[in-house]
């Protein structure tokens, strides 16, 4: 709101309105009356246009999206709030039924705004632009609303183009990029190839109307320029793994769902295509191989713990660099994997099973996987004590120090540098970031 007021003051729309009013006053009487109303309307339209255009670059910089129906919505909402809702709210102190009337107006206005927001193309999203493009775009926005000749204002258009049309960087063909997202006590991993995106688990649900999909994953995908999720893999039904899935599925961006969810689970009805994950399933995207290692078909049945049917996914780049995503498998499932696959489990990166629970990460399993890097997705001071001290010691014995999301934030890995990972907390450190002990 402060930026909008500053833009209105900088654009000096009031002086333009006064000049037009003076010109209208010197005309004939009927034209004067019509002109005065027209000038007021023109002033409102100008103010809204200045605020809409001027706020678009900052909105794109900070949120990677801008509303294309905001101009129309504000034309209706601002007069309603100013002339109807606010007076009713104040007068309600004298006559309480007026509060009910005001609430009814708010409900109708909200329904109308929701209808506008539901239009196809109501919101334009772009990938996060680099710093230099953001600076040019913000400068262009200021230039566009200043009271300058139009030939100078038009310079703002080429300045804004890098911000409006950024090109997100993607892995080359045959390469893969992984982001272990910091969602607290839960799992969510983005796996990107040259032209495809897989999301492995969707993090927890935080409250009745708040989950990792809404609060973290969708904004992150928007910032990275991702418009679709080619495959959503839900390892098992626990809420710290599927809590954000409903939000992702309801956007319509998910092409298909691969999961170990039981028949009749509500999330299955939201997926356009869905199938059960079973060992032996495999596919390739852009030269990168994906293979489901667990569970076997016979593992499904009544009375089984959700952890026991966790979908284990191995991803291997064309150059051989690989990642093993394990869900919440426990020691029995690890033993089955070791017995079934042995050295074929070997991977450069291991998503530590079950958030580092003491029921997982057996010595035999680590000996078979032989990871160079490991990452633990667990919440700060979580009530489960993840990762368990003896599990951390087991990794230390294998000469692997797990990256923990508590200290690392989001963790990123690229197959071109299989022995290196990057913590977002280190790459984009701010002075207000707390460093856990």
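Residue numbers (the numbering used here): 2 to 438. Where a beta carbon is used, it is the ideal one built from N, C-alpha and C, also for glycine.
- DSSP-derived helix/strand/coil call for residue 331: Reduced to three states, the DSSP call for residue 331 is coil.
- Can you have a look at residue 71 and say buried or exposed, based on whether 16 or more other CB atoms are within 10 angstroms of its CB? That one is buried.
- Message: Do residue 416 and residue 320 have their beta-carbon atoms positioned less than 8 Å apart in this structure?
- Response: Taking 8 Å as the Cβ cut-off, residue 320 and residue 416 qualify as a contacting pair.
- Local Cβ density within 10 Å of residue 343, reported as buried at 16 or more and exposed below that: Exposed, by the Cβ-count rule.
- Query: On the premise that residue 196 lies in contact with residue 178, defined as a C-beta separation below 8 Å, what is that separation, rounded to the nearest angstrom?
  - Reply: That belief does not hold up - the Cβ atoms of residue 178 and residue 196 are roughly 12 Å apart, past 8 Å.
- Query: Based on the DSSP output, what are the partners of residue 125 in its beta bridges?
  - Reply: Beta-bridge partners of residue 125 (DSSP): 67.
- Query: Does DSSP put residue 99 in a helix, in a strand, or in coil?
  - Reply: Three-state DSSP puts residue 99 in a helix.
- Message: For the structure I just gave you, are there three or more beta carbon pairs, one from the region 147-164 and one from the region 395-402, closer than 8 Å?
- Response: Taking one beta carbon from each stretch, the region 147-164 and the region 395-402 have fewer than 3 pairs nearer than 8 Å; the two do not touch.
- Query: What residue from 365, 326, 322, 43 has the CA that sits closest to residue 335's CA?
  - Reply: For residue 335, the nearest C-alpha among the options comes from 365.
- Message: Can you tell me whether residue 402 is buried or exposed? The criterion is at least 16 other CB atoms within 10 Å of its CB, across all chains shown.
- Response: Flag for residue 402 reads exposed.
- Where are the alpha helix (DSSP H) runs, 4 residues long or more, that stay fully inside the region 351-394, in chain order? Counting only runs of 4 or more residues that sit fully inside the region 351-394, the alpha helix (DSSP H) segments are 364-370, in chain order.
- Bridge partner(s) assigned by DSSP for residue 230: When DSSP reads this structure, residue 230 sits in a beta bridge with 255.
- What do you reckon, are the CB atoms on residue 127 and residue 92 nearer than 8 Å? Contact: no.
- Item | Coil, strand or helix - residue 427 by DSSP | Under the three-state reduction of DSSP output, residue 427 falls in the helix class.
- Message: Just list the residues that DSSP pairs residue 132 with in beta bridges.
- Response: The partner list for residue 132 (beta bridge, DSSP) is empty, contrary to what the question assumes.
- Message: Helix, strand or coil for residue 341? Go by DSSP, reduced to three states.
- Response: When secondary structure is reduced to three states using DSSP, residue 341 falls in the helix class.
- Report the residue from 352, 300, 371 whose alpha carbon sits nearest the alpha carbon of residue 406. Nearest option by C-alpha distance: 352.
- Query: Which stretch, first to last residue, makes up the beta strand (DSSP E) that contains residue 283?
  - Reply: Residue 283 -> beta strand (DSSP E) spans 283-286.
- With 16 other Cβ atoms within 10 Å as the buried cut-off, status of residue 230: Counting the other Cβ atoms within 10 Å of the Cβ of residue 230 gives 16 or more, which makes it buried.
- Task: Sort 414, 409, 418 by Cα distance to residue 429 and report the nearest one.
- Result: Here the closest residue by C-alpha is 409.
- Message: Please report the straight-line C-alpha distance between residue 433 and residue 100, rounded to a whole angstrom.
- Response: About 42 Å.
- Message: So, at 6 Å on beta carbons, what are the nonlocal neighbours of residue 24 in its own chain, with the 5 sequence-adjacent residues on each side left out?
- Response: Residue confidence is low: residue 24 scores 46 on pLDDT, short of 50, so the model does not pin down where it sits. No coordinate-derived value is stated.
- Identified DSSP bridge partners for residue 106: For residue 106, which the question treats as bridged, DSSP gives no partner whatsoever.
- Message: So, with DSSP's three-state summary, where would you put residue 20?
- Response: With a pLDDT of 48 at residue 20, under the threshold of 50, the modelled position of this residue cannot be trusted; read the value that follows with caution. Helix, per DSSP.
- Could you check what DSSP says for residue 317 in three-state terms: helix, strand or coil? DSSP places residue 317 in strand when its eight states are reduced to three.
- Are residue 1 and residue 58 touching if we call contact CB-CB under 8 Å? Lying outside 2 to 438, the shown extent of the chain, residue 1 is not represented and no answer is given.
- So what does DSSP say about residue 201, is it helix, strand or coil? The answer is strand: DSSP assigns residue 201 an E or B state.
- Message: Let me check understanding here. Comparing Cα to Cα, which of 83, 202, 311 lies closest to residue 241?
- Response: Of the candidates 83, 202, 311, the one whose C-alpha sits nearest the C-alpha of residue 241 is 202.
- Query: For the region 234-248 against the region 181-189, are there 3 or more C-beta pairs whose distance is under 8 Å?
  - Reply: A contact between stretches requires three or more CB pairs, one per stretch, nearer than 8 Å, and the region 234-248 meets this requirement with the region 181-189.
- Item | Presumed contact (8 Å Cβ cut-off) between residue 330 and residue 313, rounded CB distance | Under the criterion of beta carbons closer than 8 Å, residue 330 and residue 313 qualify as touching, at roughly 6 Å.
- Are residue 73 and residue 117 touching if we call contact CB-CB under 8 Å? Taking 8 Å as the cut-off, the beta carbon of residue 73 is found closer than this to the beta carbon of residue 117.
- Query: Looking at the structure shown, is residue 444 part of a helix, part of a strand, or coil, going by DSSP?
  - Reply: In the structure as shown, the chain begins at 2 and stops at 438. Residue 444 is therefore absent and cannot be evaluated.
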